[in-house]
Amino acid sequence: MILLTSDTEKRPTPAMRRAIAAAEVGDEQRGEDPSVNRLQERVAELLGKEAGLFLPSGTMCNLIAVRTHAEAGQVMFAERDAHVLRAEGGGAALVSGVLADPIDGERGIFDAQAFERAYARATALPPPWGPKPRLLCVEQTHNVGGGAVWPVDKLDAVCAAAHHAGLRVHMDGARLMNAVIASGAPAARFCAGTDSAWLDFTKGLGAPIGAVLAGSRAFIDEARRFKHLFGGAMRQAGIAAAGCLYALDAHVERLAEDHANARRLAEGLAAIDGIALPLGMPETNIVFFDPRGTGKSPAQICEALLARGVRMVPMGSRVRAVTHLDVSTAQIDEAIAAVSAVC
Ligand SMILES: *Cc1c(COP(=O)(O)O)cnc(C)c1O
Numbered sequence: 000m001i002l003l004t005s006d007t008e009k010r011p012t013p014a015m016r017r018a019i020a021a022a023e024v025g026d027e028q029r030g031e032d033p034s035v036n037r038l039q040e041r042v043a044e045l046l047g048k049e050a051g052l053f054l055p056s057g058t059m060c061n062l063i064a065v066r067t068h069a070e071a072g073q074v075m076f077a078e079r080d081a082h083v084l085r086a087e088g089g090g091a092a093l094v095s096g097v098l099a100d101p102i103d104g105e106r107g108i109f110d111a112q113a114f115e116r117a118y119a120r121a122t123a124l125p126p127p128w129g130p131k132p133r134l135l136c137v138e139q140t141h142n143v144g145g146g147a148v149w150p151v152d153k154l155d156a157v158c159a160a161a162h163h164a165g166l167r168v169h170m171d172g173a174r175l176m177n178a179v180i181a182s183g184a185p186a187a188r189f190c191a192g193t194d195s196a197w198l199d200f201t202k203g204l205g206a207p208i209g210a211v212l213a214g215s216r217a218f219i220d221e222a223r224r225f226k227h228l229f230g231g232a233m234r235q236a237g238i239a240a241a242g243c244l245y246a247l248d249a250h251v252e253r254l255a256e257d258h259a260n261a262r263r264l265a266e267g268l269a270a271i272d273g274i275a276l277p278l279g280m281p282e283t284n285i286v287f288f289d290p291r292g293t294g295k296s297p298a299q300i301c302e303a304l305l306a307r308g309v310r311m312v313p314m315g316s317r318v319r320a321v322t323h324l325d326v327s328t329a330q331i332d333e334a335i336a337a338v339s340a341v342c
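If you read the sequence shown in numbering that gives the first Met the number 0, its first letter stands for residue 0, the second for the next number, and so on.
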C-alpha cells in the first residue's frame with residue numbers, strides 16, 4: 000500500500016527505534032526525565048523561546064496554549080480553515096470557552112489588513128456589549144491551504160498588528176519545519192513575532208509520539224499546570240522524546256525530498272485530463288487536486304485507488320495526498336499511474 004493519506008502514515012525507522020530503545024529516562028512528571036528535558040531545551044532554542052514543554056500531541060499543544068493565553072468569553076481569531084477551528088473537536092470552546100472569530104484567508108494565509116478588518120468587526124461595539132479580543136492563531140504551514148508557507152514579512156506584519164491591538168499570538172507550527180526547509184528562513188525567525196509556538200514530531204519529522212510547545216518561561220510554567228490537570232504529564236516519557244531528538248538530527252533536511260515528491264506528484268496529476276489543482280503547485284508536502292473534471296467524485300477516485308494499492312483521502316470537492324518519509328519517488332510515479340488509470 001502506498002499511504003498518501005497523511006504524513007502521519009509513516010513508521011519509526013530502525014535507527015529511530017534504536018535511539019528510542021537506548022533513551023535515558025526518568026520521571027517526567029517530576030521534571031526528571033533527561034531526554035524530555037533535553038528535547039524541551041532544544042526546541043525552545045530552535046524556536047527562539049525561553050522554555051519548552053513536551054506534550055503527547057499537537058492537539059494538546061493548541062488546547063493548552065489557548066487555555067493559557069485566553070479566558071472564557073474572550074475572542075480568539077484564526078483563519079477560517081485553521082486546524083484549531085475545524086479539526087480539534089471544538090476543544091478551544093469546550094476547555095477555554097473562547098469565542099472563535101474566523102478570518103478569511105487565501106490558502107490559509109491573510110494579511111495585516113484582513114486581521115484588522117476582523118478585529119474592527121469584533122470590536123464594533125464597545126464594552127460591555129462587545130467581547131474582549133485576546134488571541135490570534137496562525138498556522139505554519141497551513142494544512143487545508145495545501146501546505147502553504149507564510150512569508151516572514153507577512154507573518155511579522157500580522158503579529159505586529161495583533162500586538163498593536165493588545166492581543167497575544169500563537170503559532171500552530173505542526174509543519175513549521177516544512178516551512179523552514181521550503182523557505183530557508185530559520186524557525187526562530189518565523190516565531191519571532193509570536194508569543195507561543197509548537198512543533199509536531201509525528202508528521203513529516205517521522206516520530207511516533209510527541210510535540211513541543213514553546214514560549215516565555217512564565218507562559219510555559221502556566222502551561223505545565225494545565226498539562227498536569229489535563230492528564231498530559233507522563234512518566235518515563237524519554238522513550239518518546241528520544242524519537243523526537245533523533246528526528247531533529249536526522250529528519251529535518253530530508254523534508255526537501257518530501258517537497259520534491261509532492262511537486263512531482265502535482266505535476267503528474269496536472270497532466271491528467273480532467274484533473275485540476277485549485278491551489279496551484281505545492282510549496283511543501285501537501286497536494287490537493289480536484290478530479291471532478293474526469294466525471295468521478297473524490298470519493299469514487301479514492302475508492303478505486305485503494306484497489307490499486309494507493310490510499311489518498313477525499314476532502315470536500317478535492318482529494319488530498321501528503322508525502323512523507325515512507326513514500327519513495329518510485330512510489331510517487333506508481334501513484335500517478337494509478338490515478339491516471341482510475342480516471
Ligand atoms: C496534525 C495537526 C495538528 C494536531 O496535531 P496532532 O499531533 O495530530 O494532535 C494541529 N494542527 C495542524 C495544522 C495539524 O496538521
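The beta carbon of each residue, even a glycine, is placed where N, CA and C say it ideally should be. Remember, predicted model here, so these are calculated numbers, not experimental data.
Original post:
Mind checking whether the beta-carbon of asparagine 177 lies closer than 8 Å to any heavy atom of ligand 1?
Top reply: Position 178 of the sequence shown, counted from the start, is the residue given in the question as residue 177. No, Cβ of asparagine 177 sits at least 8 Å from all heavy atoms of ligand 1.
Original post:
At a cut-off of 8 Å, is lysine 226 close to ligand 1 when judged by its beta-carbon and the heavy atoms of the ligand?
Top reply: Within the sequence shown, the letter at position 227 stands for residue 226. Lysine 226 Cβ: outside cutoff for every heavy atom of ligand 1.
Original post:
Where leucine 324 and tryptophan 128 are concerned, what is the direct C-alpha to C-alpha distance, given to the nearest angstrom?
Top reply: For this step, residue 324 is matched to residue 325 along the sequence shown. For this step, residue 128 is matched to residue 129 along the sequence shown. Approximately 51 Å between the Cα atoms of the pair.
Original post:
Which first and last residues belong to the beta strand (DSSP E) in which glycine 237 is found?
Top reply: For this step, residue 237 is matched to residue 238 along the sequence shown. Taken as a continuous stretch (DSSP letters only), glycine 237 belongs to no beta strand (DSSP E), being part of the alpha helix (DSSP H) at 237 to 249.
Original post:
Can you tell me whether methionine 59 is buried or exposed, with buried defined as 16 or more other CB within 10 angstroms of its CB?
Top reply: Position 60 of the sequence shown holds residue 59. So methionine 59 counts as buried.
Original post:
DSSP three-state call for histidine 323: helix, strand or coil?
Top reply: As a working note, residue 323 is residue 324 in the sequence shown. Looking at histidine 323 - three-state DSSP - the assignment turns out to be coil, as it is neither helix nor strand.
Original post:
Ordered along the chain, which non-local residues of its own chain (more than five positions away) have a Cβ less than 7 Å from that of arginine 253?
Top reply: Here residue 253 refers to the residue found at position 254 of the sequence shown. Leu324, listed in sequence order.
Original post:
The alpha helix (DSSP H) with cysteine 158 in it runs from where to where?
Top reply: Position 159 of the sequence shown, counting from 1, holds the residue named residue 158. Unbroken alpha helix (DSSP H) run through cysteine 158: 151 to 163.
Original post:
In the DSSP assignment, what are the bridge partners of arginine 317?
Top reply: Within the sequence shown, the letter at position 318 stands for residue 317. Paired residues: Met314.
Original post:
How many Å lie between valine 74 and alanine 336 at the Cα?
Top reply: As a position in the sequence shown, residue 74 is number 75, starting the count at 1. As a position in the sequence shown, residue 336 is number 337, starting the count at 1. So the two alpha carbons sit approximately 47 Å from each other.
Subject >> Own chain residues within Cβ distance below 6 Å of proline 130, not counting five before or after >> reply: In the sequence shown, residue 130 corresponds to position 131, counting from 1. Within the same chain, proline 130 has close Cβ partners Val74 and Leu98.
Original post:
Taking C-alpha atoms, which residue in Leu3, Leu38 and Ile1 lies nearest to alanine 206?
Top reply: Against the sequence shown, residue 206 aligns to sequence position 207. Nearest of Leu3, Leu38 and Ile1 to alanine 206, Cα basis: Leu38.
Original post:
Per DSSP, what kind of secondary structure is alanine 99 in: helix, strand or coil?
Top reply: By 1-based counting over the sequence shown, the position of residue 99 is 100. Residue state, collapsed to three classes: strand.
Subject >> Residue range of the beta strand (DSSP E) that includes isoleucine 285 >> reply: Residue 285 sits at position 286 when you count from the first residue of the sequence shown. Taken as a continuous stretch (DSSP letters only), the beta strand (DSSP E) holding isoleucine 285 covers 285 to 288.
**OP:** Indicate, with yes or no, if ligand 1 has a heavy atom lying under 8 Å from the CB of methionine 75.
**Re:** The residue labelled residue 75 in the question sits at position 76 within the sequence shown. No.
**OP:** Give the DSSP-derived three-state secondary structure of phenylalanine 114 in the structure shown.
**Re:** Residue numbering aside, residue 114 sits at position 115 when the sequence shown is read from its first letter. Here phenylalanine 114 sits in helix by DSSP.
Original post:
Looking at the unbroken alpha helix (DSSP H) that takes in leucine 46, where does it start and where does it end?
Top reply: Translated into the one-based positions of the sequence shown, residue 46 becomes position 47. That run of the alpha helix (DSSP H) goes 33 to 46.
Original post:
Hey, out of Lys202, Gly267 and Gly214, whose CA is closest to alanine 187's CA?
Top reply: The sequence position of residue 187 within the sequence shown is 188, counting from 1. Nearest of Lys202, Gly267 and Gly214 to alanine 187, Cα basis: Gly214.
Subject >> Distance between proline 132 and threonine 122 (C-alpha atoms, nearest Å) >> reply: As a working note, residue 122 is residue 123 in the sequence shown. As a working note, residue 132 is residue 133 in the sequence shown. About 8 Å.
**OP:** Indicate, with yes or no, if ligand 1 has a heavy atom lying under 8 Å from the CB of methionine 311.
**Re:** Taking the first residue of the sequence shown as 1, we reach residue 311 at position 312. No, since every heavy atom of ligand 1 falls outside the 8 Å radius drawn around the Cβ of methionine 311.
Original post:
Does glutamate 8 get closer than 9 Å to chain D when you measure Cβ to Cβ?
Top reply: Given the protein chain composition of this structure (a single chain), no chain D is represented.
Original post:
So, do the region 261 to 279 and the region 301 to 313 have three or more beta carbon pairs nearer to each other than 8 Å?
Top reply: no
**OP:** Measure the alpha-carbon distance for valine 179 versus alanine 81 and round it to whole angstroms.
**Re:** For the purposes of this step, residue 179 is taken as residue 180 along the sequence shown, with counting starting at 1. For the purposes of this step, residue 81 is taken as residue 82 along the sequence shown, with counting starting at 1. In a straight line, the C-alpha of valine 179 is about 20 Å away from that of alanine 81.
Subject >> Continuous alpha helix (DSSP H) stretch holding glycine 57: start and end >> reply: By one-based count along the sequence shown, residue 57 stands at place 58. Per DSSP, glycine 57 belongs to the alpha helix (DSSP H) from 57 to 68.
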